[in-house]
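K.L.:
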Amino acid sequence: MEQRNLPHDHGHNEEKIRERLPGENEIAGVSEAMKQLGDPSRLRIFWLLCHCEECVLNIAAIVSMSSPAVSHHLRLLKSSGLIVSRREGKEMYYRTADTELAQMLHHMIEKLGRITCPQEESPQE
Numbered sequence: 007m008e009q010r011n012l013p014h015d016h017g018h019n020e021e022k023i024r025e026r027l028p029g030e031n032e033i034a035g036v037s038e039a040m041k042q043l044g045d046p047s048r049l050r051i052f053w054l055l056c057h058c059e060e061c062v063l064n065i066a067a068i069v070s071m072s073s074p075a076v077s078h079h080l081r082l083l084k085s086s087g088l089i090v091s092r093r094e095g096k097e098m099y100y101r102t103a104d105t106e107l108a109q110m111l112h113h114m115i116e117k118l119g120r121i122t123c124p125q126e127e128s129p130q131e
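In terms of the numbering used here, the sequence shown is residues 7 to 131.
1. Tell me the rounded alpha-carbon separation between Ile121 and Glu32.
2. Whole alpha helix (DSSP H) runs in the stretch 29-80 with 4 or more residues, listed along the chain?
3. In the DSSP assignment, what residue or residues form a beta bridge with Arg26?
4. Per the DSSP calculation, Met98 is bridged to which residue(s)?
5. Note the first and the last residue of the continuous alpha helix (DSSP H) segment covering Ile115.
6. Is Leu12 helix, strand or coil by DSSP?
7. Would you tell me roughly how many angstroms separate the C-alpha atoms of Met38 and Val76, rounded to the nearest one?
8. May I have the straight-line CA-CA distance separating His18 from Pro74, to the nearest angstrom?
9. Do you know offhand how far Gln130's Cα is from Ile68's?
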């Protein structure tokens with residue numbers, strides 16, 4: 007027996023849609039990542055780190071922000087799993103996490119923003 011408890015029947019296959027609707031726990035990571043990228047500064051930092059590994063001082067210089075502000079954004083991006091860090095001596099280096107979510111968000115940013123990935127230029131002699 008088909009059970010419909012929606013106020014209106016619009017002729018869609020609501021049962022199949024409900025079966026596949028992600029639960030809150032399943033979609034939490036995506037939601038958190040998108041929330042973090044909702045800030046223009048974090049979005050720019052994330053995009054930058056999709057293309058290179060950098061330290062805080064260089065990131066700050068590239069995006070014209072203070073080092074403490076960049077560090078704050080990096081902490082949030084890292085806690086959401088979008089970036090990773092490694093230590094080399096006293097210096098911390100950051101780059102985009104090697105995850106499917108980070109890759110997809112990178113491509114989505116470039117598609118929606120009509121941004122072209124920087125291409126490696128051949129060294130000039």
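We put the beta carbon where it would ideally sit given N, CA and C, even for glycine.
P.N.:
On the basis of the supplied data:
1. 30 angstroms
2. Under the rule that a run must span 4 or more residues, the alpha helix (DSSP H) segments found entirely inside the stretch 29-80 read 30-42, 46-57, 62-69.
3. None, per the DSSP bridge assignment.
4. Arg93
5. Per DSSP, the continuous alpha helix (DSSP H) segment holding Ile115 begins and ends at 106-119.
6. coil
7. Here the sequence assigns Glu to residue 38, which means Met is not the residue at that position. Rounded to the nearest angstrom, the two C-alpha atoms are 19 angstroms apart.
8. 51 angstroms
9. A caution first: Gln130 carries a pLDDT of 46, below 50, which makes its placement in the model unreliable, though a value can still be read off. Looking at the two C-alpha atoms, the distance is approximately 24 angstroms.
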